[in-house]
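When you line the sequence shown up against numbering that gives the first Met the number 0, it's residues 0 to 390, in that order. Glycine included, each C-beta is placed from N, C-alpha and C at the ideal position.
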Amino acid sequence: MSETSSKLLCQTLNTALRTLVLRDSPPVKIPQHVLSLQKDILKELNKIDGSNGARFSLVEMGCPQQQIHKVEEDAYEVFVKVQFPFKLTPIRDEVRPGFVMLYAGDKVNHPTVYQGFVFRELIGSWLMGISTPKLSSMLRLDASTAQVEAPQTGVHLTWLPVIEFQHSDWQLPCPWLTESHDLKPDLAAYRWYAVPQVTTPFEHRSFMVWAPELERRLMAAHPHSRGVLRLLMSTCTKNQNIMRIKIKGLDDAIRAVILQELPRLPCDLDTCCIAVFETLVNHIERGSVPRYLTPNVNMFHFNDLVTLERYHQKLKSTFQSLKAFREEALAEERGEEVYKKDERNSDDEERYKYIYVDDKGRRYEFDQTDSSDEDESWSAYVLRIFDVLEY
0 MSETSSKLLC QTLNTALRTL VLRDSPPVKI PQHVLSLQKD ILKELNKIDG SNGARFSLVE
60 MGCPQQQIHK VEEDAYEVFV KVQFPFKLTP IRDEVRPGFV MLYAGDKVNH PTVYQGFVFR
120 ELIGSWLMGI STPKLSSMLR LDASTAQVEA PQTGVHLTWL PVIEFQHSDW QLPCPWLTES
180 HDLKPDLAAY RWYAVPQVTT PFEHRSFMVW APELERRLMA AHPHSRGVLR LLMSTCTKNQ
240 NIMRIKIKGL DDAIRAVILQ ELPRLPCDLD TCCIAVFETL VNHIERGSVP RYLTPNVNMF
300 HFNDLVTLER YHQKLKSTFQ SLKAFREEAL AEERGEEVYK KDERNSDDEE RYKYIYVDDK
360 GRRYEFDQTD SSDEDESWSA YVLRIFDVLE Y
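Here it is, written out as structure tokens:
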């Protein structure tokens, strides 16, 4: 596929973006009783004498409304930073890219530390051990999460403990980031977190690296990353040809694909959108989207392969149509014509097959079922792909 930008397609995509911005729902507002619940739990944790001097706070994510993520109705998740009263030295896990071990030292005596390292599973058992009767009535913990339930409100809160560490203290560099982005001098300016996450191969001491501020900074560095994210989220979650299949973690997966492709993304909106779209389709075909910074973590591991394959077939068809529309737009800009031939399928439903052969002999085809507006332009179909026009 040619990397030449199409002015017409860029204009159409910008029209779609403007429409999506105007149509966007307001941000999800977290109910006050949920905000009060997490505040009360933090207060209760921080006044416990048996916490061995540890402090608890919310991960810095902007305003309070951004610090709690709504998963579904009456279900939320919140990242809580655990600050220990001893120094932790981050050591890069050479076996598991994007993972880190937290070394406390052989002389540190703490329930979360074994043989000098913080252990993931010990965090959960330690939290259970310091819980007061009030907290125990609400908390259900395992090695990496705490389920918080408030019976009087019916709220379910997923409590995700994380540990902040300083990138400047990291003993080994992370070339998989600094070689791709000219951000090496700035890495220490961002907050880095160690997140309890089961590893492959298994290792009790290893934590997943997470840098949300850095990810937001990288997304803002490309002129079209946020626009492409909005376009693909619309077509992947709302487009009527696709939305009947539900894929878990799709929004985070699209964002991860953009972050991974940033060093190679074109600067034009149309070529950038198609490049990300194609990469996403290829990842879904393989059933795996690697998390940014942690390439061995599959963001689609909650989805079954049959559902992913069904979704892949529909998304691939949509992508191929968009690619063909782009080639037609380029042909139109060059003054060439795309011819249309009538066909009938097995149900005698009239269809039109648009066919375009580019200057290198590559053939592009896409179908259109007959409708009252059979002469509708290709740009209208692009808007439909991104759920801007109704089918």
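Can you look up residue i in the DSSP assignment and give me helix, strand or coil?
i, result
"Ser205", "strand"
"Asn238", "coil"
"Arg91", "strand"
"Val99", "strand"
"Glu76", "strand"
"Thr157", "strand"
"Arg54", "strand"
"Glu416", "Here the chain has residues from 0 to 390 only, and residue 416 is not among them."
"His109", "coil"
"Gln114", "coil"
"Lys86", "coil"
"Pro26", "coil"
"Pro262", "helix"
"Asp386", "coil"
"Ile246", "coil"
"Tyr104", "Per the sequence shown, residue 104 should be read as Gly rather than Tyr. Here Gly104 sits in coil by DSSP."
Are the beta-carbon atoms belonging to residue i and residue j less than 9 Å from one another?
i, j, result
"Met100", "Glu202", "yes"
"Phe98", "Gln165", "no"
"Ile162", "Lys237", "no"
"Ile246", "Phe324", "no"
"Val194", "Met207", "yes"
"Lys315", "Asn240", "no"
"Leu249", "Ser224", "no"
"Val387", "Ala15", "yes"
"Ile244", "Lys322", "no"
"Val154", "Leu44", "no"
"Val275", "Leu329", "no"
"Glu277", "Leu7", "no"
Mark residue i as exposed unless 16 or more other C-beta atoms lie within 10 angstroms of its C-beta, in which case mark it buried.
i, result
"Ala188", "exposed"
"Leu156", "buried"
"Pro89", "buried"
"Asn13", "exposed"
"Asp251", "exposed"
"Asp269", "buried"
"Arg17", "exposed"
"His282", "buried"
"Glu308", "exposed"
The alpha helix (DSSP H) with residue i in it runs from where to where?
i, result
"Tyr310", "304-332"
"Pro124", "The residue asked about is misnamed: residue 124 is Ser in this sequence, not Pro. Its alpha helix (DSSP H) spans residues 119-129."
"Phe276", "268-285"
"His32", "31-45"
"Lys6", "6-22"
"Glu335", "No alpha helix (DSSP H) holds Glu335; DSSP gives it neither H nor E."
"Leu134", "132-135"
Taking the continuous beta strand (DSSP E) assigned at residue i, which residues delimit it?
i, result
"Ala193", "191-194"
"Ile67", "67-71"
Starting from residue i, follow its DSSP beta bridges and name the residues at the other end.
i, result
"Pro289", "Asn297"
"Glu59", "Looking at the DSSP assignment, Glu59 forms no beta bridge with any residue, so it has no partner."
"Ile162", "Ala193"
"Val81", "Phe55"
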